[in-house]
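Residues in the sequence shown are numbered consecutively from 1333, following this note's numbering.
Even for Gly, the Cβ is constructed at its ideal location relative to N, Cα and C.
Comments concern the structure below.
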Amino acid sequence: MATVSKVFSKVKMVEPIKVPPVKACRPVQNPYKEPERRKHAIQVIVGGTLTFAGICLYRGDEKFYKQFVTPAMRMIDAEQAHRFAVRCAAFGLLPRPKMRPDPPSMAIEASQKFPQNFRSCSEEVT
């Protein structure tokens, strides 16, 4: 039997791998800085809220109108609310009324209920 020293003497020693020195790594920076994260979060929250409100308004959700739209409109001056509503209607943002035409049985002739001698607004009253 061979002794341990004879076995090791026959083994060639491997040269160690030369590794270049490692430079000090700087810490990984967060790609989102704190103010940018807040700004992004606010944009997501506002966008989601406006989307939710838009869907509820489009569907005509009565609960949403009762809890949010009506109290918000009461906080605004009546004239400003009227101007806002007219602008919304002009841009087609308000839903169309869901009314059906009256049946023919509801129609009456003016001569049946009123006298025929109507006075025109352009005529002078004496």
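Proximity of residue i and residue j at Cβ, strictly below 8 angstroms
{"i": "residue 1392", "j": "residue 1429", "result": "no"}
Cutoff 6 angstroms; reference residue i; Cβ partners in own chain excluding five residues on either side
{"i": "residue 1396", "result": "1388"}
{"i": "residue 1425", "result": "none"}
{"i": "residue 1405", "result": "1413"}
Own chain residues within Cβ distance below 7 angstroms of residue i, not counting five before or after
{"i": "residue 1376", "result": "none"}
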